[in-house]
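In the numbering used here, the protein residues as written are 154 to 222.
Yeah, the Cβ is synthetic: ideal placement off N, Cα and C, and Gly gets one too.
In this text, all values refer to a predicted model and were calculated from it rather than measured experimentally.
One structure is given here, and the rest of the page talks about it.
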Amino acid sequence: MRMPIAITLNGERREVRAASVAELLAEIGLDTRKVAVELNEEIVPRSTYAAQALTGGDQLEIVHFIGGG
């Protein structure tokens, strides 16, 4: 099992075991189809979530889209 790494997620320090953006989204329970992710001030294309590696010290902003009418 991967050792936890420290990241900053939406302005809060957090310990995670995820190795990629896709794994992080699964770990925190978000649907990849309903979020936008910024990693170290760069937008991450949804098609690369599984390949985009995370390392200690990364800063992520995740915006979750909520439908309504």
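The DSSP assignment places complete alpha helix (DSSP H) segments of no fewer than 4 residues inside the stretch 156-191 at 174-181, in order along the chain. Between valine 169 and valine 188, the gap from beta carbon to beta carbon reaches 8 Å or more.
Membership of leucine 213 in the beta strand (DSSP E) is indicated by the continuous run 212-217. Going by beta carbons, arginine 199 and threonine 208 fall outside the 8 Å limit.
By the Cβ neighbour-count rule, glutamine 212 is exposed, with fewer than 16 other Cβ atoms within 10 Å of its own.
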